[in-house]
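S.K.: Below: one structure in structure tokens.
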Amino acid sequence: MRFGQKLAGFALTGFAVVSLWVAPAAAGWKIMPSGEEVKVAKSKMTVTPAQDWNRWSERPSKRGEIWTLDGISLNELTFMAQIGNGESLYRERDKKNNPLPKFKSDMLPTDLVELFEASSRIVLQTSLFEITNVEPTKISGKDAVRFSYRFVTRGDELARQGEAVAANVDGKFYLANFVAPSIHYYDRDLPKFRALTNSLKI
Amino acid sequence: MTAIVAQPLQAESNRKIEESKQRMKDSAFDYQPIDDDERGLWLQMDEEERSIKLSKFLVKDPALNEYVRKVLCKTVGELNCQATRIYIMRTPHFNASMAPNGMMIVWTGLLLRSRNEAELASVLGHEFSHFENLHSIQSFRDIRAKTDAMAWISVIAGSAGSLASLGLLGLVFDFSRDMEREADILALDHLVDGGYDPMASSAIWEQLRAEMDATAAERKVRSRKDKNDGFFSTHPNTGDRMEYLRDAASKKDREGKSLGADEYRAALLSWWPRLIDDQIKLNDFGATEFLLGKLADDGWTPELLYARGELYRARGKDDDFQKAVEFYRQSIASGAQFSENWRGLGLSLLRSGVKEEGQAALRDYVTRQPDAPDKAIISMMAGGN
Amino acid sequence: MCRGSYVMKHFGFGLFAATLLVAVPAQAQFFFEMGAEKSATKDGFVLPDDRAARVIVFRPDVNVGEQTTGGLNEPNADWTKEARTALNAALENELKSRSGEMKLMPDLAGEEAVLIDEYTRLFKAVANAAISHKLFSGDRLPTKKDAFDWTMGPGAAKLGDLGGGDYGLFFYTYDSYGSVGRKAVQAVGLLIGVGVSSGVHIGYAGLVDLKTGELVWINADVKMGGDVRDSEGAEKRISQLLEDFPSSGGRGKKVGAK
């Protein structure tokens with residue numbers, strides 16, 4: 000039965016799809032110093048944090064990157080850049096039996112949100128996922144969409160909220176996503192995320 | 000080698016089964032009916048059941064819970080029903096299970112896949128039958144005993160793929176198949192006693208197999224319907240199962256037995272949009288298309304047409320958008336007033352390159368749904384302010 | 000119907016046992032940490048010495064299972080129940096010997112239970128973060144090099160109101176006993192030169208200042224001893240977890256010896 004498959008991991012708490020089940024040999028964190036512009040997600044997209052962050056050496060996909068302040072189950076920041084036509088947002092775990100939806104280069108802003116939601120539901124194995132607000136915004140002067148959502152993952156069943164900005168620029172997908180528990184962390188750190196997205200350059 | 004290692008473990012397992020059966024028997028007969036004093040019940044509960052009660056995945060809708068309970072009680076009888084606590088969990092897959100302490104878990108994916116009350120009853124009755132026969136405890140002990148023996152053998156034989164371990168693997172499944180068959184047969188009696196058409200039990204399995212075929216066809220992979228997923232398959236070959244169920248059902252008196260299709264549809268009506276949304280977002284086009292088709296056996300309702308539009312729009316391959324446009328239009332034409340139709344129509348038209356009409360439909364959506372969470376972005380996409 | 004394998008994976012049931020794949024919690028990374036017991040205190044924190052600090056103790060989060068021969072954990076409901084009983088009793092004894100400074104959070108139902116449950120989950124996430132990223136090496140966050148500043152936020156004060164206390168003490172234990180089969184495989188493995196681990200015994204205790212929600216003390220041990228299912232083992236476990244518990248400004252009870 001397809002629902003008998005192994006789960007991505009009880010340890011899946013935020014969006015970090017790399018299972019903590021296998022402690023990565025060369026796992027590590029690098030400091031992202033305050034005030035320094037830095038390239039993210041192996042692309043030309045840059046961001047300038049207003050406080051020190053930690054960047055994980057593990058990636059959710061070859062075009063993604065994860066940062067945190069206190070630990071990804073408490074505040075998790077994900078960047079994705081230059082995801083192309085036919086690519087998924089996260090690394091595929093089981094392409095044959097549990098494929099992820101793919102980005103298409105003619106996607107509309109609302110399609111980007113739907114793509115994110117469907118990808119997240121599959122990766123997090125949850126149906127408790129609700130988009131609460133979607134509005135237009137700009138990243139680097141380009142049309143983008145900002146949306147917020149709430150969800151619960153199976154691992155720790157902690158209520159979480161998220162906000163993200165996404166854009167389809169010249170047929171490529173870009174995203175900055177912030178996730179944190181609803182208790183304390185989301186409200187406390189959301190302004191830090193917004194300051195970061197204001198500094199985003201594509 | 001196989002026989003020598005397996006025997007002592009089997010004897011130990013049987014002894015434990017007898018112990019459990021005795022304990023089970025005591026608690027089942029002494030079970031107190033659920034009373035309204037939540038605090039009292041709470042204090043009696045197992046930690047496990049408390050976590051379920053606190054789980055955010057628990058569906059608390061009283062009407063839906065009452066309905067599912069009603070179906071169970073009709074099937075297994077009031078007395079048996081009182082020994083059961085039902086928990087509905089928001090999970091879009093087909094599953095139902097029952098714990099030795101009387102806790103029954105039903106997933107919303109099962110509710111989506113049942114076409115009528117009789118099909119739901121057959122699944123609930125089947126799970127209850129395991130409980131009656133104490134299969135849960137038996138299988139736990141047994142699988143544990145056998146898989147331990149397997150690991151032993153592979154260490155000694157030096158290779159996990161040795162013939163010896165394959166032999167034992169077969170035995171695990173045989174045991175479970177017997178239990179499944181026992182539960183199936185007992186459940187048929189329950190169904191008939193409840194006034195339900197016993198053919199419903201083979202029907203739901205047929206549908207599940209066909210759904211798995213549909214998933215595989217669209218993904219161009221082999222169907223998993225006959226796969227034993229490593230250690231964890233506990234089902235008989237479901238083809239066989241359909242056969243003996245149909246056979247046994249045909250021998251029962253089907254006179255005056257109902258399917259309860261209308262009652263079922265009415266009871267699920269308010270949940271259906273959420274359940275189909277969960278299903279569409281699984282990114283399993285084949286299964287969803289198949290399920291919608293089955294649900295549309297008695298005709299394509301506006302809701303089903305809308306759902307089909309959403310499904311095609313989500314996949315967005317080749318001419319999916321044009322097809323989606325058709326489905327939304329049909330839904331609207333049938334008199335459906337829900338605003339989401341215009342949203343889907345507008346977005347599908349835009350993706351098909353039909354800009355003006357698409358934008359007009361989106362404007363229509365915003366007018367009809369002024370408090371939509373995505374109103375701001377849709378308005379922008381509609382070319383407005 | 001999958002008789003419970005999928006459900007068990009999701010909800011960590013001890014009752015359903017058809018699965019052998021129930022995941023080890025996030026602390027799996029501790030497998031790679033060798034025998035360390037560590038504790039940390041926030042900035043030389045001490046309990047107040049001008050009055051008795053009221054500590055509310057939350058019921059320990061107890062998980063007991065067995066490692067199958069194949070090395071997977073299989074939660075065992077009976078053992079978990081036994082351990083829970085034993086640990087709760089050991090905890091109560093411990094609290095008595097501290098002359099009323101510590102007391103158990105009352106068993107509440109309804110909305111209050113939901114609140115406690117949610118904060119307990121948050122605490123677990125906070126504790127895991129502090130343990131992985133500060134206490135033990137291998138996954139440290141550079142920004143935490145000179146900081147020990149994890150928190151549950153000021154909303155934790157609600158817990159203080161509910162339980163009548165200023166501090167919250169949380170316990171977590173996880174034991175996966177190497178079964179006879181597993182130990183036998185281990186022995187064979189040693190003979191043929193293959194390393195096979197047997198048994199996982201992890202625990203932590205954490206103290207939170209409920210007014211601010213700050214984690215002020217944490218003690219974690221990834222190689223805990225004793226069998227938590229009996230009273231002796233449970234007492235030993237509680238005592239180990241409370242090692243290096245913050246004293247109150249000069250006076251106050253020191254934690255018992257190992």
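Protein chains in written order, with numbering that gives the first Met the number 0: chain A, 0 to 201; chain B, 0 to 384; chain C, 0 to 257. Just so you know, even glycine gets a beta-carbon here, dropped at the ideal spot from N, CA and C.
1. Spatial neighbours of R245 of chain B within its chain, please: C-beta separation below 6 Å, excluding the five flanking residues on both sides.
2. From C:L90, C:N87, C:A89 and C:E65, pick the residue whose C-alpha is nearest to that of W78 of chain C; which is it?
3. Output the distance between the C-alpha atoms of P56 of chain B and M97 of chain B, rounded to the nearest integer angstrom.
4. Please report the straight-line C-alpha distance between P197 of chain B and G238 of chain B, rounded to a whole angstrom.
5. Rounded to whole angstroms, what is the Cα-Cα separation between W248 of chain B and A260 of chain B?
6. Do P141 of chain C and W28 of chain A have their C-beta atoms closer together than 7 Å?
7. Less than 8 Å between the CB atoms is what I'm expecting for A219 of chain C and K41 of chain C, so what's the real figure, rounded?
8. Please confirm if A112 of chain C has its CB atom under 7 Å from at least one CB of chain A.
9. N282 of chain B CB to nearest chain A CB: under 7 Å?
10. Please tell me whether V122 of chain B and A95 of chain B are closer than 7 Å, where the distance is taken between their beta carbons.
11. Name the chain A residues whose beta carbon is nearer than 8 Å to that of V187 of chain C?
12. Mind checking the segment 76-96 of chain C against chain B and listing, in chain order, the residues whose C-beta falls within less than 9 Å of any C-beta there?
13. Can you list, in chain order, the residues of its chain with a C-beta nearer than 7 Å to that of E262 of chain B? Leave out the 5 residues immediately preceding and following it.
14. When we look at the beta-carbon of L110 of chain B and count the other beta-carbons within 10 Å, is it buried (16 or more) or exposed?
15. In three-state DSSP terms, what is P272 of chain B?
16. Any beta carbon of chain C sitting closer than 7 Å to that of L111 of chain B?
17. Considering only the beta carbon of each residue, do P180 of chain A and L157 of chain A sit closer than 7 Å?
18. Suppose contacts are defined by Cβ-Cβ distances below 7 Å. Is S330 of chain B in contact with N340 of chain B by that definition?
19. I want to verify the contact list: residues of chain C whose CB lies under 8 Å from the CB of E129 of chain A, in sequence order.
20. In angstroms, rounded to a whole number, what distance separates the CA positions of T211 of chain C and D148 of chain C?
21. Out of B:R208, B:K293, B:L361 and B:S338, which one is the CA nearest neighbour of S347 of chain B?
22. Buried or exposed: where does A89 of chain C fall if 16 or more other Cβ atoms within 10 Å of its Cβ makes it buried?
23. With 9 Å as the limit, tell me which residues of the segment 121-140 of chain C have their beta carbon closer than that to any beta carbon of chain A; keep them in chain order.
24. Would you report the Cα separation of S246 of chain C and D69 of chain A, rounded to the nearest angstrom?
25. Please state whether DSSP places H189 of chain B in a helix, a strand or coil.
26. A117 of chain A CB to nearest chain B CB: under 7 Å?
27. Between Q211 of chain C and chain A, is there a C-beta pair that is closer than 7 Å?
28. Can you tell me the Cβ-Cβ gap for T77 of chain A and G63 of chain A, rounded? I've got them flagged as a contact below 8 Å.
29. For T40 of chain C, would you say it is in contact with chain A, using Cβ-to-Cβ distances shorter than 7 Å as the test?
30. Report the CB separation of V220 of chain B from K95 of chain A in whole angstroms; it is logged as a contact under 8 Å.
31. Counting contacts by CB-CB distance shorter than 7 Å, is G167 of chain C in contact with chain A?
32. For the candidate residues C:A204, C:E231, C:K222 and C:E242, whose alpha-carbon lies nearest to that of P59 of chain C?
33. Which partner residues of D104 of chain B appear in the DSSP bridge assignment?
34. Using a Cβ cut-off of 8 Å, pull out every chain C residue sitting near L53 of chain B, in sequence order please.
35. Candidates A:N53, A:S104 and A:M44: which alpha carbon is nearest K143 of chain C's?
36. Thinking C-beta only, is R240 of chain B closer than 7 Å to W204 of chain B?
M.R.: On the basis of the coordinates in this document:
1. For this step, residue 245 of chain B is matched to residue 246 along the second sequence. Closer than 6 Å at the Cβ level, and outside the excluded window around R245 of chain B, lie S201.
2. As a position in the third sequence, residue 78 of chain C is number 79, starting the count at 1. Nearest neighbour of W78 of chain C by Cα position, chosen from C:L90, C:N87, C:A89 and C:E65, turns out to be C:E65.
3. As a working note, residue 56 of chain B is residue 57 in the second sequence. As a working note, residue 97 of chain B is residue 98 in the second sequence. Here residue 56 of chain B turns out to be Phe, not Pro, going by the sequence shown. F56 of chain B and M97 of chain B: Cα-Cα distance of roughly 17 Å.
4. Numbered from 1 along the second sequence, position 198 holds the residue referred to as residue 197 of chain B. Numbered from 1 along the second sequence, position 239 holds the residue referred to as residue 238 of chain B. So the two alpha carbons sit approximately 17 Å from each other.
5. For the purposes of this step, residue 248 of chain B is taken as the residue at position 249 of the second sequence. For the purposes of this step, residue 260 of chain B is taken as the residue at position 261 of the second sequence. Per the sequence presented here, residue 248 of chain B reads as Ala, with Trp not at that position. For A248 of chain B and A260 of chain B, the distance between alpha carbons rounds to 19 Å.
6. Numbered from its first residue, the third sequence carries residue 141 of chain C at position 142. Numbered from its first residue, the first sequence carries residue 28 of chain A at position 29. It is a contact, given that the beta carbons lie within the stated cut-off.
7. To locate residue 219 of chain C, count along the third sequence from 1; it is residue 220. To locate residue 41 of chain C, count along the third sequence from 1; it is residue 42. Rounded, the Cβ-Cβ distance is 15 Å, inconsistent with contact.
8. Here residue 112 of chain C is taken as the residue at index 113 of the third sequence, counted from 1. Not an interface residue.
9. By 1-based counting over the second sequence, the position of residue 282 of chain B is 283. Cβ-Cβ to chain A under 7 Å: yes for N282 of chain B.
10. Indexing the second sequence from 1 puts residue 122 of chain B at position 123. Indexing the second sequence from 1 puts residue 95 of chain B at position 96. The answer is yes: Cβ separation under 7 Å.
11. Here residue 187 of chain C corresponds to residue number 188 of the third sequence, with the count starting at 1. Result: empty, since nearest Cβ-Cβ is about 25 Å, beyond 8 Å.
12. The segment 76-96 of chain C vs chain B, Cβ under 9 Å: A76, T79, K80 and R83.
13. Counting from one through the second sequence, the residue named residue 262 of chain B turns up at place 263. Hits under 7 Å: E116.
14. Translated into positions along the second sequence, residue 110 of chain B becomes position 111. When all chains shown are included, L110 of chain B counts as buried.
15. On the second sequence, residue 272 of chain B is found 273 positions in, with the first residue counted as 1. Of the three classes helix, strand and coil, the one that applies to P272 of chain B here is helix, per DSSP.
16. Counting from one through the second sequence, the residue named residue 111 of chain B turns up at place 112. No, its Cβ sits nowhere closer than 7 Å to a Cβ of chain C.
17. In the first sequence, residue 180 of chain A corresponds to position 181, counting from 1. In the first sequence, residue 157 of chain A corresponds to position 158, counting from 1. Yes. Within cutoff.
18. Position 331 of the second sequence, counted from the start, is the residue given in the question as residue 330 of chain B. Position 341 of the second sequence, counted from the start, is the residue given in the question as residue 340 of chain B. Yes, Cβ-Cβ distance for S330 of chain B and N340 of chain B is below 7 Å.
19. To locate residue 129 of chain A, count along the first sequence from 1; it is residue 130. What E129 of chain A touches in chain C: nothing, since even the nearest Cβ is about 18 Å away.
20. Taking the third sequence and counting its residues from 1, one reaches residue 211 of chain C at position 212. Taking the third sequence and counting its residues from 1, one reaches residue 148 of chain C at position 149. Going by the C-alpha atoms only, they are around 11 Å apart.
21. Reading the second sequence from its first residue, position 348 is the one you call residue 347 of chain B. With respect to the C-alpha of S347 of chain B, the residue from B:R208, B:K293, B:L361 and B:S338 having the closest C-alpha is B:L361.
22. Counting from 1 along the third sequence, the entry for residue 89 of chain C is found at position 90. Result: buried.
23. For the segment 121-140 of chain C, which is checked against every Cβ of chain A, the residues closer than 9 Å are L121, K123, A124, V125, N127, A128, A129, S131, H132, G137, D138, R139 and L140.
24. Within the third sequence, residue 246 of chain C is the residue found at index 247, counting from 1. Within the first sequence, residue 69 of chain A is the residue found at index 70, counting from 1. Answer to the nearest angstrom: the Cα atoms are 27 Å apart.
25. Translated into the one-based positions of the second sequence, residue 189 of chain B becomes position 190. Reduced to three states, the DSSP call for H189 of chain B is helix.
26. Against the first sequence, residue 117 of chain A aligns to sequence position 118. Chain B contact via Cβ: present.
27. The residue labelled residue 211 of chain C in the question sits at position 212 within the third sequence. Here residue 211 of chain C is Thr; the residue named in the question, Gln, does not match the sequence. No - not a single Cβ of chain A is within 7 Å of the one on T211 of chain C.
28. If you number the first sequence from 1, residue 77 of chain A lands on position 78. If you number the first sequence from 1, residue 63 of chain A lands on position 64. Yes, they are in contact, since the Cβ atoms of T77 of chain A and G63 of chain A sit about 6 Å apart, within 8 Å.
29. Stepping through the third sequence from its first residue, residue 40 of chain C is reached at position 41. Chain A contact via Cβ: absent.
30. Position 221 of the second sequence, counted from the start, is the residue given in the question as residue 220 of chain B. Position 96 of the first sequence, counted from the start, is the residue given in the question as residue 95 of chain A. Contact between V220 of chain B and K95 of chain A holds, with the beta-carbon distance rounding to 5 Å and staying under 8 Å.
31. For the purposes of this step, residue 167 of chain C is identified with residue 168 of the third sequence, where counting begins at 1. So, not an interface residue.
32. The residue labelled residue 59 of chain C in the question sits at position 60 within the third sequence. Residue C:A204 is the option with its Cα nearest to P59 of chain C.
33. Here residue 104 of chain B refers to the residue found at position 105 of the second sequence. A quick correction: the sequence has Ile, not Asp, at residue 104 of chain B. Answer is B:Y86 and B:S96, bridged to I104 of chain B.
34. To locate residue 53 of chain B, count along the second sequence from 1; it is residue 54. Per Cβ cutoff of 8 Å: A112, V113 and D116.
35. Here residue 143 of chain C refers to the residue found at position 144 when the third sequence is read from its first residue. Taking K143 of chain C as reference, the option from A:N53, A:S104 and A:M44 with the minimal CA-CA separation is A:N53.
36. Working through the second sequence from its first residue, we reach residue 204 of chain B at position 205. Working through the second sequence from its first residue, we reach residue 240 of chain B at position 241. Yes, they are a contact pair.
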